[in-house]
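Below is one structure, written out as structure tokens; comments come after it.
Chains as they are written, first to last, in this note's numbering: chain A, 33 to 333; chain B, 7 to 189.
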């Protein structure tokens with residue numbers, strides 16, 4: 033099944049890896065809670081549901097309203113068919129190929145070529161394009177980009193990243209609380225029968241947990257990008273289109289003007305400076321790697 | 007206690023049966039819907055043709071045989087209803103249109119006319135929509151046929167009155183040369 037270059041195999045493999053990463057996330061959460069209980073004793077037990085609740089409320093609010101929220105954060109403007117019939121034609125083509133409902137379409141006035149998709153479910157999907165990408169790409173390339181964005185919609189990536197973000201958030205909040213308690217001389221319960229090695233290990237887990245959560249979140253984001261590339265090929269059956277679109281993006285050195293890390297993961301090409309973030313923390317796989325994978329699919333035909 | 011367990015087992019079996027049955031029905035409906043989509047897109051294409059033929063005629067009156075081929079293929083395509091007829095007419099029209107566009111290549115004035123340029127985008131998108139509609143239909147047929155042939159859904163195919171469906175295959179020698187991912 034998982035022969036290299038076959039998009040069905042790639043899709044299945046990427047889904048499996050995302051699932052494994054989400055399981056790891058659950059384990060990490062459990063480790064942190066356990067470490068907190070070991071280090072501080074039972075008196076901190078109430079903090080775990082508290083941290084989870086704060087994180088859930090903040091992340092799920094933005095997940096539910098993601099289509100509207102992202103519009104304001106990126107300055108995208110919704111357009112109708114009459115504003116750009118050619119773009120709507122292309123989107124409609126991919127809609128037919130994917131069997132998804134027609135998404136809302138928006139434009140970001142920005143010379144850097146880029147695009148993104150969001151929305152809590154396919155019925156509330158929104159895909160946006162910068163004016164830059166519409167200017168530089170031809171029909172086939174744009175079709176590949178649209179298929180990539182529609183793949184995010186089909187794979188429910190807004191949901192997956194919301195799950196990842198809320199777990200990472202809960203871990204960060206929890207570890208922050210515990211650090212503060214420690215810093216202000218909060219004492220652990222006076223049951224001094226604990227094993228000192230367990231205490232040291234717990235402390236290390238608490239310090240390292242937010243970092244590990246960030247790494248996991250980035251790893252999940254990268255897997256979803258690879259999955260979206262494979263799904264895009266299953267829609268268009270034309271890996272060359274998306275491949276040459278990615279080549280255009282790789283050649284282009286301009287980046288989207290607003291470089292908020294909060295919405296970095298939703299663009300097709302990472303808007304952040306590649307050198308500023310190390311590979312492990314990147315929200316996207318290296319673009320050369322994505323191009324190579326698509327090239328392998330082309331040679332298969 | 008035993009009665010509760012027995013009822014639970016019966017409920018689970020019932021749920022299992024309903025899920026399998028509904029899955030087959032859903033797959034069958036998806037095939038029907040995607041065939042309707044092919045017809046919608048073929049109709050769109052048929053509606054474009056008179057305008058296209060008129061535009062090309064204005065510049066290239068002598069290419070009568072090409073126009074006749076397109077018009078004849080269009081007439082056949084609009085009257086076809088069964089899957090095989092629709093597919094055959096679709097293939098004919100695709101080839102006739104290709105011939106028409108090849109003719110257009112020889113007339114620079116025509117190619118530069120604004121009318122033709124806007125038609126060209128319409129034709130490009132319609133061709134893509136037709137071929138994506140075919141592909142989506144065939145994907146749905148593949149899912150249905152797999153379900154009809156594999157366990158456990160194959161036991162319910164007779165009950166749900168669902169059987170294997172035909173793929174939509176266009177007779178077009180040229181389409182085999184187009185680089186495409188095949189399985």
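For glycine and all other residues, C-beta sits at the position ideal for the given N, C-alpha and C.
Asked, Found
"4 or more residues per run - each alpha helix (DSSP H) lying fully within the stretch 45-125 of chain B", "70-85, 89-111 and 114-118"
"Chain B within 8 Å of residue 128 (chain A), Cβ atoms only", "yes"
"Close Cβ partners of residue 92 (chain B) (< 6 Å) along its chain, the five nearest in sequence each way excluded", "86"
"Alpha helix (DSSP H) segment containing residue 177 (chain A), residue limits", "171-186"
"Listed by chain order, chain A residues near residue 26 (chain B) by CB distance under 8 Å", "What residue 26 (chain B) touches in chain A: nothing, since even the nearest Cβ is about 22 Å away."
"Residue 322 (chain A) to residue 113 (chain B) span [Cα, whole Å]", "42 Å"
"is_contact[residue 151 (chain B), chain A] using C-beta, thresh 8 Å", "no"
"Where the stretch 116-141 of chain B meets chain A: residues whose CB sits under 7 Å from a CB there", "127, 130, 131, 134, 135, 138, 139 and 141"
"Burial state of residue 234 (chain A) (16 or more Cβ within 10 Å)", "buried"
"Cross-strand partners of residue 210 (chain A) (DSSP beta bridge)", "For residue 210 (chain A), which the question treats as bridged, DSSP gives no partner whatsoever."
"From A:191, A:185, A:183 and A:243, residue whose alpha carbon lies closest to that of residue 27 (chain A)", "Residue numbering for chain A in the displayed model covers 33 to 333; residue 27 (chain A) lies beyond these limits and cannot be assessed."
"Euclidean distance between Cα positions of residue 143 (chain B) and residue 127 (chain A)", "13 Å"
"Backbone CA spacing between residue 141 (chain B) and residue 84 (chain A) [nearest angstrom]", "44 Å"
"Minimum Cβ-Cβ distance from residue 101 (chain B) to chain A less than 8 Å", "no"
"Below-8 Å beta-carbon distance, residue 124 (chain A) vs any chain B residue", "yes"
"Where the alpha helix (DSSP H) containing residue 123 (chain A) begins and where it ends", "117-130"
"Span separating the alpha-carbon of residue 36 (chain A) from that of residue 326 (chain A)", "Residue placement at residue 36 (chain A) is flagged as unreliable, the pLDDT there being 40, under the threshold of 50; a coordinate-derived value is accordingly withheld."
"Near-chain B residues of the stretch 169-198 of chain A - C-beta to any C-beta below 7 Å", "171"
"Residues that residue 273 (chain A) contacts on chain B, provided the C-beta gap is smaller than 8 Å", "Residues of chain B passing the Cβ test: none, with the nearest at roughly 11 Å."
"Chain-ordered neighbours of residue 118 (chain A) on chain D, where CB pairs are closer than 7 Å", "Note that chain D does not occur in the displayed structure, where the protein chains are A and B."
"Where the beta strand (DSSP E) containing residue 136 (chain A) begins and where it ends", "136-140"
"DSSP state of residue 173 (chain B) mapped onto helix, strand, coil", "coil"
"Reference residue 146 (chain A); option with closest CA among A:168, A:66 and A:132", "A:168"
"Interface flag, residue 121 (chain A) vs chain B, CB-CB below 8 Å", "yes"
"Backbone CA spacing between residue 34 (chain A) and residue 44 (chain A) [nearest angstrom]", "In this prediction, residue 34 (chain A) scores a pLDDT of 34, lower than 50, which makes its location untrustworthy; no coordinate-derived value is stated."
"Inter-residue spacing [alpha-carbon to alpha-carbon] between residue 99 (chain A) and residue 134 (chain A)", "14 Å"
"C-beta atoms of residue 191 (chain A) and residue 46 (chain A) nearer than 8 Å", "no"
"Opening and closing residue of the alpha helix (DSSP H) in which residue 251 (chain A) lies", "228-268"
"Through-space distance from residue 64 (chain A) to residue 203 (chain A), alpha-carbon basis", "7 Å"
"Reduced DSSP secondary structure (H/G/I, E/B, other) of residue 308 (chain A)", "Residue confidence is low: residue 308 (chain A) scores 49 on pLDDT, short of 50, so the model does not pin down where it sits. No coordinate-derived value is stated."
"Given residue 166 (chain A) as reference, the closest of A:149, A:119 and A:245 once Cα atoms are compared", "A:119"
"CB contact flag (residue 96 (chain B), residue 48 (chain B), <8 Å)", "yes"
"Residue-level contact to chain A via CB, residue 182 (chain B), 8 Å cutoff", "Legend: pLDDT at residue 182 (chain B) = 49, less than 50; position of this residue unreliable, value from coordinates given subsequently. Chain A, which has no Cβ nearer than 8 Å to the Cβ of residue 182 (chain B), makes this no."
"Own chain residues within Cβ distance below 7 Å of residue 63 (chain B), not counting five before or after", "73"
"Cβ-Cβ distance between residue 53 (chain A) and residue 252 (chain A) below 8 Å", "yes"
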